[in-house]
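Residues 549 to 836 in the working numbering are what the sequence shown spells out, letter by letter.
Using N, Cα and C, we set each Cβ at its ideal position, and we do this for glycine too.
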Amino acid sequence: MLSLRTALCQSENLGGAFARYRRYRGLWTPNSPMFTVASAPVVPMLRLADELRTGRYRPMPPHVMSVAKANGDRRELRVFAIRDRVAQRALLQVLQARTDSEMSPCSYGYRPGRSVAGALARIRSFLDQGLSWVVDADVERCFDSIPRGPLLEEVTRRLHTPEAAELVAQCLGWESSEERNKVGIPQGAVLAPWLCNVYLWQLDDAMHAEDAAMVRFADDFVLLSGVRPRAEALLQRCAEVIEQMRLRLHPVKTAIIDTARPFRFLGQWLITTPLLLRGPATDGGTCP
549 MLSLRTALCQ SENLGGAFAR YRRYRGLWTP NSPMFTVASA PVVPMLRLAD
599 ELRTGRYRPM PPHVMSVAKA NGDRRELRVF AIRDRVAQRA LLQVLQARTD
649 SEMSPCSYGY RPGRSVAGAL ARIRSFLDQG LSWVVDADVE RCFDSIPRGP
699 LLEEVTRRLH TPEAAELVAQ CLGWESSEER NKVGIPQGAV LAPWLCNVYL
749 WQLDDAMHAE DAAMVRFADD FVLLSGVRPR AEALLQRCAE VIEQMRLRLH
799 PVKTAIIDTA RPFRFLGQWL ITTPLLLRGP ATDGGTCP
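Next up, the structure:
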């Protein structure tokens, strides 16, 4: 198998990443409009490939934007130069191809071939099995709270090589010890959703070990059970794991719900089928 850096720099991989942004407006670099690069991409792409191959690549500082959230809070987004988005996309293509088949089937967010519709269908199938008690959970400020050092360790562990973490750090500008010791994944980075999934993979594994019925979409997830005491135990175990990961469950958005009443997840209302209410309760139900 090719090394990660070799696979990253292959012309097909970089070309595929470039194709996603070819029609974007904006700047390739501060002094190079994207339309000029798109009309003559050979030289800038060869330069980018050489920088990535030799380890000389460094991203430019992203532009920081503050956007309003639905609840009135604000979220900071990092807008990277298109050159840096191409580099991150090329790296994502390589890393995701080597991890996606091993990730938990309970994880639906930001993965090829998976969607909100698939996550909701899986929840409905659990509800139809009589798992009518739901732990509706949310990791508080997940992207902003993930510690970079442990995250890079997880990247190394899941890819089975330190080269993976080195490339992630290089593409995000985390090469100094000061940057690695900080907290937070830059929202707006192409790599951010994949990195979130890699870090929360530990939670998926822990819940699988508990034989829990789980559906996760990035940092939003549900745990389902047939009886309330089991749901309470799952919530306690989940909170322990999240704390060990140096994260925190949202104190307001996390709750145990009786699905005899509708509850909202991923923008949709869900409810137990009336004929199944208080039917035979089962404690298990882990993802296949």
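Asked	Found
Completely contained beta strand (DSSP E) runs for the region 615-698, where each covers 3 or more residues	622-627 and 681-686
Contact check, A685 vs L797, beta carbons under 9 Å	yes
Residues near E515 by beta carbon distance below 8 Å, same chain, minus five either side	Examination of residue 515 is not possible in this model, given that the chain is present from 549 through 836 alone.
Host beta strand (DSSP E) of M755 (start-end)	That residue, M755, is in no beta strand (DSSP E); its alpha helix (DSSP H) goes A740 to A757.
For M582, the first and last residue of its enclosing alpha helix (DSSP H)	M582 to S587
Residues bridged to T577 [DSSP beta-bridge criterion]	S580
The region 631-640 / the region 722-734 touching (three or more Cβ pairs under 8 Å)	no
Buried versus exposed call for N579 [16 or more other C-beta atoms within 10 Å across all chains shown]	exposed
Cβ pair L771, L668 closer than 9 Å	no
Exposure label - D752; buried when at least 16 CB within 10 Å	buried
Where the alpha helix (DSSP H) through D767 begins and ends	Careful: D767 lies outside any alpha helix (DSSP H) and carries neither H nor E.
Through-space distance from P698 to Q735, alpha-carbon basis	18 Å
Proximity test, A787 beta-carbon vs the ligand PLP heavy atom, cut-off 8 Å	By its list of ligands, the structure shown contains no ligand whatsoever, and the ligand PLP lies outside what it can speak to.
Spatially closest choice to E726 from C786, P695 and C744, by CA coordinates	P695
Nearest candidate by alpha-carbon position, reference R689, set T602, Q677, E650 and V800	V800
Distance CB(T807)-CB(V682) smaller than 9 Å	yes
Residues that DSSP places opposite W722 in a beta bridge	Partner(s): none; W722 has no beta bridge.
Neighbourhood of Y656 by C-beta, 8 Å cutoff - its chain only, sequence neighbours within 5 removed	R662, S663, V664, G666, A667, R670, V763, R764 and F765
Simplified DSSP state of I790, which is helix, strand or coil	helix
Spatial neighbours of R776 in its chain, beta-carbon cut-off 8 Å, leaving aside the 5 residues before and after	W681, I804 and D806
Whole-angstrom C-beta distance between R626 and K617, which should lie under 8 Å	Wrong, their Cβ atoms sit about 16 Å apart, outside the cutoff.
Beta-carbon proximity list for R672, same chain, < 8 Å, skipping 5 on both sides	L818
Span separating the alpha-carbon of L596 from that of R631	8 Å
6 Å CB neighbourhood of L562 in its chain, flanking five on each side removed	A597 and A638
Alpha-carbon spacing of H611 relative to R573, whole angstroms	15 Å
Endpoints, the beta strand (DSSP E) within which R570 is located	Neither: R570 is in no beta strand (DSSP E) and is coded neither H nor E.
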